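> First the structure, which I've put down as structure tokens, then a few questions once you've had a look.
In this note's numbering, the protein residues as written are 1 to 714.
Pasting the structure below:
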């Protein structure tokens, strides 16, 4: 029945971040600074579409933002606040409208600003109310500003991953009134509506809003629970939850701290179970590990959480639900141990639905819980789908001996499949390859022949215009390229020498590495780990493009800053008033625009120029997978001694481990590399032998870099 089902149209969060401010009255602002003034933002949301309702009704409060702060103006990754939102259908007519508007597109989303008025409402349209409270010494806290932002469609904004900028104005008149007595919301609204904001503004705070859809994994988990209930002939609940109308967008990697992600799911299950789901201190402490050792521009690296150990932590199925949804976004999860946690069959159904694509997960231990045959069957299906799962422990549960034997058989089969994979570099079959002496000399010679083909220098590095002295009398023309080549040579001599060997710039080698990067990108979410498998030409090209972009921005900025003396006197008069808006859009200062453009550039290795976490492409190359291959083959070709190469390889492996590269990443990269190399060889004679020889040398280099580390031996 419709009356007994919660039809969810949107579940997610609205993130708000203060990205900067613009000062209009420096004297008044200095007075606020002397009073140690700071503001706090409060976010609420309400549905606009008739027939829809926002059911959580929570309020999100930000941390204190000091008005004399400059950190938020230079970093877009300041502390954010997150508002949980569930838009639910309360009328049947809304469902029909939702079906008609599934292809609805919001034309305003092309802008980076938020409009404040709208006449067309999507079923997931909401009004976000942003109020600001001011705190200062000698005065009571008071509301100082209020802003309402109409988001036409939360679903569409989440699909397009678009942000918008909201301007919150602090007025001189309200500052004076609040110093006497705290203001009310009506006082702020009347002062804003009176039109005095244009000449009375002290400072404008700019807030970035971003919508994140969290319904994708949640929908999969709830569907698995429904299937289990039908399979076990359980009675259907009186009130169900239907997420079929949500857009199910993939959550962007590292969009928020894991503790906040856990809080969003906890709020949903509080409504789902109609009871308060308490936060566990052990869970929160475990989730905070992702903030240790983080590097800009990625402050929340979810892949740092790889092992979950919750033995003797009594969560129960209801308390375990938000944690499982949170862990489903940690793609580097290797082990999940939750013994003595009072878990049941539903938890197993969720695990089976959420972790079948986790390519690092090898251990699940749910000993001494309340799991029966139905839950064990769900884990058996998971082991058959996820071939990385090699250890499943269900001792101490209510499972039969038969299904336990089947679990053991499937996990052993998975382990044997991994060990027998000929392209599995981490397999024990290659444990004997520890030095060049462990590889036959003919094999090394075949591998070096392949390396000679890959390491052919680009044409631009060879002077092909060789003057033939024997035909001087026959030449009827003058070589006009000599002057250009001389100028190019002199320019090259003036450039700083790179520590990257010329072999790393070989075109064919870089083409194969580019194929490797494209192949590993869908499987590796972390941008820093993906950078390890980039080719050096792409890194060089990105750096040059960013340098050119910086030069163009600097030229445009200098042109914008040039003001004629006659126009300078009327600069304040011609300035866009803080109270005006052109065509419903917010005027954004150039400083804030540059800040937003700067964040858009922070993608992969391209962010190195802006963020400073990597200064030059040489440092990226030093920790790259390409460096392992080049170092190994150069040593075997006589370019350096093997002892020195081992030291370099260990250093490379240490850098990669610190970034977060896993053994499975090496296997995937090697697999793609060899397939690309096989395509390059085609049907040549002895291609199989040459590929096998090349792979053995690659195994030698990778295992020397990774498995010779002290941490691996321990």
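For each residue, glycine too, the CB sits at the ideal point set by N, CA and C. Everything numeric in this text was worked out from a predicted model, so none of it was measured.
Which residue comes first and which comes last in the beta strand (DSSP E) that contains residue 285?
Element bounds for residue 285: not the beta strand (DSSP E) but the alpha helix (DSSP H), 281 to 287.
> Comparing alpha-carbon positions, which option in 30, 132, 29, 122 lies nearest residue 63?
Here the closest residue by C-alpha is 132.
> Find out if the Cβ-Cβ distance for the pair residue 352, residue 389 is shorter than 8 Å.
No; because the gap between Cβ atoms is not below 8 Å, this pair is not in contact.
> How many angstroms separate the CA atom of residue 677 from the CA atom of residue 336?
Approximately 37 Å, taken between the alpha carbons.
> Starting from the Cα of residue 500, find the closest Cα among 506, 208, 621, 396 and give me that residue.
Considering only alpha carbons, the answer is 621.
> With three or more beta-carbon pairs closer than 8 Å as the criterion, would you say the region 7 to 21 touches the region 147 to 167?
The region 7 to 21 vs the region 147 to 167: in contact.
> Indicate the three-state DSSP secondary structure (helix, strand or coil) for residue 347 in the structure shown.
Correct three-state label for residue 347: helix.
> Provide the residue span of the beta strand (DSSP E) that contains residue 510, from first to last.
Run containing residue 510: none in the beta strand (DSSP E); it sits in the alpha helix (DSSP H), 507 to 520.
> Restricting to Cα atoms, I'd like to know which of 432, 17, 347 is closest to residue 222.
Residue 222 has its Cα closest to that of 347, out of 432, 17, 347.
> Tell me the rounded alpha-carbon separation between residue 164 and residue 416.
Looking at the two C-alpha atoms, the distance is approximately 51 Å.
> To the nearest angstrom, how far is the alpha carbon of residue 314 from that of residue 190?
Near 53 Å, if we compare the C-alpha coordinates of residue 190 and residue 314.
> Can you tell me where the beta strand (DSSP E) holding residue 54 begins and where it ends?
Taken as a continuous stretch (DSSP letters only), the beta strand (DSSP E) holding residue 54 covers 52 to 54.
> For the candidate residues 426, 506, 411, whose alpha-carbon lies nearest to that of residue 456?
Answer by Cα proximity: 506.
> Who are the Cβ neighbours of residue 185 in its own chain at under 8 Å, not counting the five residues just before and after it?
Same-chain partners within the cutoff: 131, 143, 146.
> Do residue 333 and residue 306 have their beta-carbon atoms positioned less than 8 Å apart in this structure?
Yes.
> Check for me: the beta strand (DSSP E) holding residue 535 runs from which residue to which?
From DSSP, residue 535 is part of no beta strand (DSSP E); its letter is neither H nor E.
> Helix, strand or coil: which one does DSSP assign to residue 320?
Residue 320 falls in the helix class under three-state DSSP.
> I'd like the list of long-range same chain contacts for residue 58, defined as Cβ closer than 6 Å, with 5 residues on each side in sequence excluded.
Closer than 6 Å at Cβ, skipping near neighbours: 84.
> Whose C-beta lies closer than 6 Å to the C-beta of residue 271 among residues of the same chain, with five residues either side of it excluded?
None.
> According to DSSP, simplified to helix, strand and coil, what is residue 434?
Coil at residue 434, not helix or strand.
> Please classify residue 239: is it buried, with 16 or more other beta-carbons within 10 angstroms of its beta-carbon, or exposed?
When all chains shown are included, residue 239 counts as exposed.
> Name, in chain order, the residues that DSSP records as bridge partners for residue 13.
Per DSSP, 84, 212.
> Could you say which of 531, 344, 372, 386 lies nearest to residue 357 if we only look at CA atoms?
Here the closest residue by C-alpha is 386.
> Cβ of residue 361 within 8 Å of Cβ of residue 376?
For residue 361 and residue 376, no; Cβs fall outside 8 Å.
> Is residue 342 helix, strand or coil by DSSP?
In the structure shown, residue 342 sits in coil (DSSP, three-state: anything other than H, G, I, E or B).
> Does the contact criterion of 3 or more C-beta pairs under 8 Å hold for the region 316 to 332 versus the region 259 to 268?
As far as the Cβ criterion goes, the region 316 to 332 touches the region 259 to 268, which means the pair count is three or higher.
> What are the partner residues of residue 163, as DSSP defines its beta bridges?
BP columns for residue 163 point to 210.
> Pull up the DSSP beta-bridge partners for residue 89, would you.
According to DSSP, which records beta bridges pairwise, residue 89 is partnered with 7, 52.
> Please tell me whether residue 212 has its Cβ less than 8 Å away from any Cβ of chain D.
Absent from the structure is chain D; it holds one protein chain and no more.
> I'd like the list of long-range same chain contacts for residue 508, defined as Cβ closer than 6 Å, with 5 residues on each side in sequence excluded.
Closer than 6 Å at Cβ, skipping near neighbours: 454.
> Please classify residue 188 as buried or exposed, where buried requires at least 16 other C-beta atoms within 10 Å of its C-beta.
It counts as buried.
> For residue 707, name the three-state secondary structure that DSSP assigns.
DSSP places residue 707 in coil when its eight states are reduced to three.
> Give a yes or no on contact between the region 693 to 708 and the region 444 to 452, applying the rule of three or more CB pairs nearer than 8 Å.
Segments in contact, yes.
> For the alpha helix (DSSP H) that residue 190 lies in, which residues bound it at each end?
Looking at the DSSP string, the run of the alpha helix (DSSP H) that includes residue 190 is 185 to 193.
> Can the beta-carbon of residue 528 be found closer than 8 Å to that of residue 652?
For residue 528 and residue 652, no; Cβs fall outside 8 Å.
> How long is the line joining the alpha carbons of residue 384 and residue 50, rounded to whole angstroms?
About 46 Å.
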